[in-house]
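Below is one structure; the comments refer to it alone.
Number of protein chains: 2
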Amino acid sequence: MTWSSFSFRLRAIKALHLHYVNRSPVTNVSSVTVNCLLSLSRKYSINPADLPKIMATEKTLPKLFKFVDQNAQSYKDLLKEAVAIPSVSCDPKYREDCVRMVHWARDKLKEIGAKTELKDVGFQTIDGKEIKLPPVLVGTLGNDRNKNTICLYGHLDVQPALKSDGWVSEPFELVERDGKLFGRGSTDDKGPVLGWLHAINAFKGVGEELPVNLKFVFECMEESGSEGLDALLLEKLKPAGFFDDVDYVCISDNYWLGTKKPCITYGLRGISYYFLEVECAKMDLHSGVYGGTVYEAMSDLIYLMDQLVDKEGKILITDIYKSVAPLMENEKKLYTTIDFDTEAYRRSIAAPKLAHNGDKEQILMHRWRYPSLSLHGIEGAAFQPGAKTVIPGKVIGKFSIRLVPNQEPEEVEKLVFDYINKKWAERGSPNKMRISAQSGRAWTENPDHPHYQAAARAVKMIFQTEPDMSREGGSIPVTITLQQASGRNVLLLPMGAGDDMAHSQNEKLNVRNYIEGIKLFAAYMFEVSKLPK
Amino acid sequence: MTWSSFSFRLRAIKALHLHYVNRSPVTNVSSVTVNCLLSLSRKYSINPADLPKIMATEKTLPKLFKFVDQNAQSYKDLLKEAVAIPSVSCDPKYREDCVRMVHWARDKLKEIGAKTELKDVGFQTIDGKEIKLPPVLVGTLGNDRNKNTICLYGHLDVQPALKSDGWVSEPFELVERDGKLFGRGSTDDKGPVLGWLHAINAFKGVGEELPVNLKFVFECMEESGSEGLDALLLEKLKPAGFFDDVDYVCISDNYWLGTKKPCITYGLRGISYYFLEVECAKMDLHSGVYGGTVYEAMSDLIYLMDQLVDKEGKILITDIYKSVAPLMENEKKLYTTIDFDTEAYRRSIAAPKLAHNGDKEQILMHRWRYPSLSLHGIEGAAFQPGAKTVIPGKVIGKFSIRLVPNQEPEEVEKLVFDYINKKWAERGSPNKMRISAQSGRAWTENPDHPHYQAAARAVKMIFQTEPDMSREGGSIPVTITLQQASGRNVLLLPMGAGDDMAHSQNEKLNVRNYIEGIKLFAAYMFEVSKLPK
Chain R
1 MTWSSFSFRL RAIKALHLHY VNRSPVTNVS SVTVNCLLSL SRKYSINPAD
51 LPKIMATEKT LPKLFKFVDQ NAQSYKDLLK EAVAIPSVSC DPKYREDCVR
101 MVHWARDKLK EIGAKTELKD VGFQTIDGKE IKLPPVLVGT LGNDRNKNTI
151 CLYGHLDVQP ALKSDGWVSE PFELVERDGK LFGRGSTDDK GPVLGWLHAI
201 NAFKGVGEEL PVNLKFVFEC MEESGSEGLD ALLLEKLKPA GFFDDVDYVC
251 ISDNYWLGTK KPCITYGLRG ISYYFLEVEC AKMDLHSGVY GGTVYEAMSD
301 LIYLMDQLVD KEGKILITDI YKSVAPLMEN EKKLYTTIDF DTEAYRRSIA
351 APKLAHNGDK EQILMHRWRY PSLSLHGIEG AAFQPGAKTV IPGKVIGKFS
401 IRLVPNQEPE EVEKLVFDYI NKKWAERGSP NKMRISAQSG RAWTENPDHP
451 HYQAAARAVK MIFQTEPDMS REGGSIPVTI TLQQASGRNV LLLPMGAGDD
501 MAHSQNEKLN VRNYIEGIKL FAAYMFEVSK LPK
Chain L
1001 MTWSSFSFRL RAIKALHLHY VNRSPVTNVS SVTVNCLLSL SRKYSINPAD
1051 LPKIMATEKT LPKLFKFVDQ NAQSYKDLLK EAVAIPSVSC DPKYREDCVR
1101 MVHWARDKLK EIGAKTELKD VGFQTIDGKE IKLPPVLVGT LGNDRNKNTI
1151 CLYGHLDVQP ALKSDGWVSE PFELVERDGK LFGRGSTDDK GPVLGWLHAI
1201 NAFKGVGEEL PVNLKFVFEC MEESGSEGLD ALLLEKLKPA GFFDDVDYVC
1251 ISDNYWLGTK KPCITYGLRG ISYYFLEVEC AKMDLHSGVY GGTVYEAMSD
1301 LIYLMDQLVD KEGKILITDI YKSVAPLMEN EKKLYTTIDF DTEAYRRSIA
1351 APKLAHNGDK EQILMHRWRY PSLSLHGIEG AAFQPGAKTV IPGKVIGKFS
1401 IRLVPNQEPE EVEKLVFDYI NKKWAERGSP NKMRISAQSG RAWTENPDHP
1451 HYQAAARAVK MIFQTEPDMS REGGSIPVTI TLQQASGRNV LLLPMGAGDD
1501 MAHSQNEKLN VRNYIEGIKL FAAYMFEVSK LPK
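Line by line, the protein sequences are chains R and L.
With the working numbering, letter number 514 in the first sequence gets 514, and the count goes up by one each step, no holes.
Each number in the working numbering corresponds to the 1-based position in the second sequence with 1000 added.
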């Protein structure tokens, strides 16, 4: 079959239409001329030589989608298994579960035929103690030089969760209610990681070859600053050539903007996380016995924490807004077209009122392109229900600033340290104060890149709508590291919906997002396979 | 044997000396005249008719003290058993352990021959849920109308404790190190409760009758506001006549002022505990996704908590000091004679500096007779190690004010509520704010009461030193209730030392304080037996 064969061109036209326009069969093609065909090819920027690939897609994907639908139950079962491992990375008491989680995922990668390695990334220091980090799972599947290679990143660890925090069901037991899969890690990020495995398996299931080569980087410390990962990627895997044949990088670890319309994400805020410690005694003290006789650490800490942000969310740290990229007219316009229902957003969290008077553009800009400061809590103070009557001896206030272009983490940390030191001097307390930080830069890509266009086609194929090209308020520092390590275009392809409540009580993943997400990942791999090498 | 027999008078003189002066044998009594004897009797306000009782003491107590020394190991073993039951009353997840603890103590009371009853005190409401309170253990031992009756109160519940809070050994496993018994509840209040049982048992052990009748009230909710107890004491036990034959009330649930000199306590501060709740959303929110778009509950709460107390510990609530009893010259003098080493106090907690420039009198007054405000912590916020990145949806700030004469709880609560409402209005946040309180009044007794003098004699017998008559900064609201219910003199007889670290990490009870405390309780019962009915 060649381009010169008329019957081939005819089928090609059908394929073009099916694939790019409306996915419905083209019934009347008898009057279509070669000119028309060529004009269509130009319209979709398709090299006629690529049409055979497109037609393979036409055959394979519908079969594959059916296979995915038929196997939905087994996908839920596997997610239940993954959620049952409480791989909470921030608390060393779950460290063994983190290691178990990595081994579990390694077994799954092996089952799909990948070559895997567990990379030791050393130790972290908590309270002066050295604690071993979970290994990073690295894998390779396929090495066909004619295929594009995608590097996939995902994480296997989760935020802490206790039923008593307000979960309706046990957080580490995946439960389906009303078409939603509730459980810690369901959407962040175990569902998406398994989504890739299921998509790969589905090709095998319909007897088709995987259209791309894959590289995997699955870590288990993402929720705790990805400790050890940057060094592994930049100082070990990159020099060893791991990224040499990588053409594209894809991360599925974020969410749609809302609940109905899919999006592809080309920007993230960074984060600068602070540990503000005040110590007044070597142990907690009985407030009856010691109250009135000591300088209490809590009142010092509360004072410092109250200096950081005002009621409206304006950050009070001197010069903090100075390096924020100025808002240009063309960027400003982008926000007006985005489909975003602020009232639904407000209602979904039952907030009495949104900031910025609920103005859509302002809300989006303050999620995506302005920094925000949140006070997270206090370690070392009473946190239990009831009336604990201690004067805590040492307390660590936790707060973070989401960073945006062009804030440099080092510069922001210095501003915060200087400000806190100044306020501490003003306080004049005899207690000990110490502040430290962990930071990651903000990230943006060009959403017009062919990689983004390929992903957009995959989204349209599954959801019959153009995705919004969006940014996010959250932070995935590894995005930048993978960009640096590979030198390639990085894309964020979310699986979950905007109301999935990652990090919060009753985290969930919609069954629809999970199953269609698996299809999306398969379609994305197909679309990328058609991009030039 | 009668008072007219010279040989009896001679032995009586010996007994008087032994008992009240120096506990060393009187070797030369040949020249002692009846006048001298009568003068001695007057000096110690002894009715000559009571001398047979005193002589019985002379025989019994030395034997009993020896018995206690010989049984020290079994006392430690029983305390280990009690500490192993994690009867944390503030957290409903330990409620079954609280119930188990009460049953355990009931069995022990039965073993010493007491008649016991478990009194149902109904339910408490936590987060809108009704949770059954542990029963109160009530008991009676002896009903000899010729003997005085003491009502003993103690509590079986403890403050929360986790090894990860900074305990050297497991908090619920009693461990002896350097003559100290480390474990949650060792000194507060399981050690003292068992002390009474051991003292009672020791009388049996040396074949002597108990010199007093006893009534027991042992509860398991003291660390959580003694919920249900006041109603039981005032509305059930009192009308039922439980207190009709009670002559004295004794509570051992506090500590020496320092580590060497025993004391008897005639005053306590009250407490007014506050729950300050702010809600901005119905769940916790991802700070990346929502940061910058909502009014955060934490920043509102931190603002309110920062309005309460200044760096020096001065309470900022309007008019809060207005009803504090004025300091009179004669009271002022009391503080100068108290043996209290402020530098040792500072060093024991490793505080960089004490309040009030470490001035002894000021420190004592701010522990005993001035109110203090402590910020305890925040429920609902991040408290774990690591970098949790949530915007908490609902947070409850905890703080308390220690109340002093003549602050009335209702008046203080009103001042706090008015102040917080005013500050909240100034803040102008759209979030929901709610404040509630639990309070108990301050308490003082007259330390010159014969009951206090009897206890002082018992202390001197065991420790060969006059106890300090002290007050305490802590609060035991039941003290007032028992005073009301019985209409009798209430006395606090501490077993533990001032550095026992109740409520804090590494709570301990010195072996010496435990063992000598058992002897003290026995001697106290004897001394009270000699008081007029």
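For each residue, glycine too, the CB sits at the ideal point set by N, CA and C.
Nothing here was measured: the structure is a model prediction, and the numbers come from that model.
Which residues in chain L have a C-beta closer than 8 Å to the C-beta of I391/R? List them in chain order.
Here the question's residue 391/R lines up with position 391 in the first sequence. Neighbours of I391/R on chain L, chain order: S1374 and H1376.
Leaving out five residues before and five after V294/R in sequence, what residues of the same chain have Cβ atoms less than 8 Å from its Cβ? Indexing the first sequence from 1 puts residue 294/R at position 294. Beyond the five residues adjoining it in sequence on each side, V294/R comes within less than 8 Å, by CB distance, of C280, A281, L285 and I391 in the same chain, given in chain order.
For E223/R versus Q124/R, is the C-beta distance shorter than 8 Å?
As a first step, residue 223/R must be located in the first sequence, where it is residue number 223. As a first step, residue 124/R must be located in the first sequence, where it is residue number 124. Not a contact, by the Cβ cut-off of 8 Å.
Identify which residue in E111/R, I480/R, S87/R and H503/R has its Cα closest to the Cα of K204/R.
What you label residue 204/R is simply residue 204 of the first sequence in a count that begins at 1. Ranking the options by Cα distance to K204/R, first place goes to E111/R.
How would you list, in chain order, the residues of chain R whose beta-carbon sits under 7 Å from the beta-carbon of H947/L? Residue 947/L lies beyond the range of chain L shown here (1001 to 1533); nothing can be said about it.
Checklist entry - How would you write the range of the alpha helix (DSSP H) that P1404/L sits in, first residue to last? => result Here the question's residue 1404/L lines up with position 404 in the second sequence. Residue 1404/L is actually Val in this sequence, not Pro. From DSSP, V1404/L is part of no alpha helix (DSSP H); its letter is neither H nor E.
* T187/R and D468/R: beta carbons closer than 8 Å? -> The count along the first sequence starts at 1 and reaches residue 187/R at position 187. The count along the first sequence starts at 1 and reaches residue 468/R at position 468. Going by beta carbons, T187/R and D468/R fall outside the 8 Å limit.
- Message: Looking at V490/R: is its Cβ nearer than 8 Å to the Cβ of V246/R?
- Response: As a working note, residue 490/R is residue 490 in the first sequence. As a working note, residue 246/R is residue 246 in the first sequence. No, they are not a contact pair.
How long is the line joining the alpha carbons of E1312/L and W1167/L, rounded to whole angstroms? In the second sequence, residue 1312/L corresponds to position 312, counting from 1. In the second sequence, residue 1167/L corresponds to position 167, counting from 1. In a straight line, the C-alpha of E1312/L is about 29 Å away from that of W1167/L.
| said: I want to see whether chain L comes within less than 8 Å of V289/R, judged by CB atoms only; does it? | reply: For the purposes of this step, residue 289/R is taken as residue 289 along the first sequence, with counting starting at 1. So yes, V289/R belongs to the interface.
What are the partner residues of Y524/R, as DSSP defines its beta bridges?
In the first sequence, the residue the question calls residue 524/R occupies position 524. DSSP, once it has assigned bridges, lists no residue as partnering Y524/R.
Exercise for the section: Take E1581/L and list the residues in its own chain whose beta-carbon comes closer than 7 Å to its own, dropping the five residues that flank it on each side. Expected result: This structure cannot speak to residue 1581/L, because chain L is shown only from 1001 to 1533.
*May I ask you to list the residues that DSSP assigns as paired with N489/R?*
Reading the first sequence from its first residue, position 489 is the one you call residue 489/R. In the DSSP output, where bridge partners are listed per residue, N489/R has Y248/R.
For L1492/L, count neighbouring C-beta atoms within 10 Å of its own C-beta (all shown protein chains included) and say buried if the count is 16 or more, exposed if not.
-> Taking the first residue of the second sequence as 1, we reach residue 1492/L at position 492. When all chains shown are included, L1492/L counts as buried.
Exercise. Name the chain L residues whose beta carbon is nearer than 8 Å to that of C90/R?
Worked result: In the first sequence, the residue the question calls residue 90/R occupies position 90. By Cβ distance, chain L contributes Q1384, P1385, G1386, A1387 and K1388.
**Q.** 8 Å CB neighbourhood of L531/R in its chain, flanking five on each side removed
**A.** Counting from one through the first sequence, the residue named residue 531/R turns up at place 531. N148, D247, Y248, P450, H451 and A454.
* Using alpha carbons as the reference points, say which of A1082/L, K1394/L, R1347/L and L1137/L lies closest to L1233/L. => Here the question's residue 1233/L lines up with position 233 in the second sequence. Taking each of A1082/L, K1394/L, R1347/L and L1137/L in turn and checking the Cα distance to L1233/L, the smallest one comes out for L1137/L.
Q | With 16 other Cβ atoms within 10 Å as the buried cut-off, status of T481/R | A | The residue you call residue 481/R lines up with position 481 of the first sequence. Its Cβ being crowded by 16 or more others within 10 Å, T481/R is buried.
Q.
So, with DSSP's three-state summary, where would you put M365/R?
A. For the purposes of this step, residue 365/R is identified with residue 365 of the first sequence, where counting begins at 1. It is helical.
Q.
Which of the three DSSP states is assigned to V1412/L in this structure?
A. The residue given as residue 1412/L occupies position 412 in the second sequence. Reduced to three states, the DSSP call for V1412/L is helix.
- Task: Measure the C-alpha to C-alpha separation of I378/R and L1509/L and round it to an integer number of angstroms.
- Result: Working through the first sequence from its first residue, we reach residue 378/R at position 378. Working through the second sequence from its first residue, we reach residue 1509/L at position 509. If I take the Cα positions, the gap works out to 30 Å.
Can you give the Cα-Cα distance for D165/R and I1396/L, rounded to whole angstroms? Mapped onto the first sequence, residue 165/R falls at position 165. Mapped onto the second sequence, residue 1396/L falls at position 396. Approximately 13 Å, taken between the alpha carbons.
Check: Using the C-alpha atoms, what's the distance from E1343/L back to T1259/L?
Finding: Within the second sequence, the letter at position 259 stands for residue 1259/L. Within the second sequence, the letter at position 343 stands for residue 1343/L. Rounded to whole angstroms, T1259/L to E1343/L spans 13 Å at the Cα level.
Check whether the Cβ of V1324/L lies closer than 8 Å to any Cβ atom in chain R.
The sequence position of residue 1324/L within the second sequence is 324, counting from 1. Not closer than 8 Å to any Cβ of chain R, the Cβ of V1324/L fails to qualify, so no.
Next on the checklist: Report the start-end ranges of each beta strand (DSSP E) in the segment 308 to 382 of chain R that is 3 residues or longer and not cut off at the edges.
Outcome noted: Within the segment 308 to 382 of chain R, the beta strand (DSSP E) runs of at least 3 residues that lie entirely inside it are, in chain order, 372 to 379.
DSSP on V1121/L, reduced to helix/strand/coil?
By 1-based counting over the second sequence, the position of residue 1121/L is 121. Of the three classes helix, strand and coil, the one that applies to V1121/L here is coil, per DSSP.
Q.
Tell me the residue span of the beta strand (DSSP E) that contains K76/R.
A. Here the question's residue 76/R lines up with position 76 in the first sequence. Not the beta strand (DSSP E): K76/R falls in the alpha helix (DSSP H), residues A72 to V83.
To which residues of the same chain is S1030/L closer than 6 Å at the C-beta, ignoring the five residues directly before and after it?
-> Residue numbering aside, residue 1030/L sits at position 30 when the second sequence is read from its first letter. Confidence in S1030/L is poor, its pLDDT being 40 and thus under 50, which makes the residue's placement unreliable; the coordinate value appears in the next sentence. So the list is empty, once near-sequence residues are dropped.
Open item on the list: Quick check: what's the CA-CA separation for I1462/L versus C1151/L?
Closed with: As a working note, residue 1462/L is residue 462 in the second sequence. As a working note, residue 1151/L is residue 151 in the second sequence. When rounded, the distance between both Cα atoms is 22 Å.
| request: Kindly indicate the opening and closing residues of the alpha helix (DSSP H) around K110/R. | output: Walking along the first sequence from the start, residue 110/R turns up at place 110. Boundaries of the alpha helix (DSSP H) around K110/R: R95 to E111.
### Task
Quick one: using the 10 Å Cβ neighbour count with 16 as the cut-off for buried, is Y1321/L buried or exposed?
For this step, residue 1321/L is matched to residue 321 along the second sequence. Looking at its Cβ environment, which holds fewer than 16 other Cβ atoms inside 10 Å, Y1321/L is exposed.
Out of curiosity, what's the CA-to-CA distance linking L1061/L and N1201/L? As a working mapping, residue 1061/L is identified with position 61 in the second sequence. As a working mapping, residue 1201/L is identified with position 201 in the second sequence. Rounded to whole angstroms, L1061/L to N1201/L spans 13 Å at the Cα level.
key: H1449/L - containing alpha helix (DSSP H), residue span   = For the purposes of this step, residue 1449/L is taken as residue 449 along the second sequence, with counting starting at 1. According to the DSSP assignment, H1449/L belongs to no alpha helix (DSSP H), since it is labelled neither H nor E.
Please identify, using Cβ separations under 8 Å, the residues of the segment 411 to 435 of chain R that lie next to chain L, in order along the chain. Per Cβ criterion, the list reads R427, G428, S429, P430, N431 and K432.
| request: Put N421/R into one of helix, strand or coil per three-state DSSP. | output: In the first sequence, counting from the first residue as 1, residue 421/R sits at position 421. Assigned with DSSP and collapsed to three states, N421/R falls in helix.
- [ ] Output yes if chain R places a C-beta closer than 8 Å to the C-beta of K1132/L; else output no.
- [x] Indexing the second sequence from 1 puts residue 1132/L at position 132. Interface criterion not met: the Cβ of K1132/L is under 8 Å from no Cβ in chain R.
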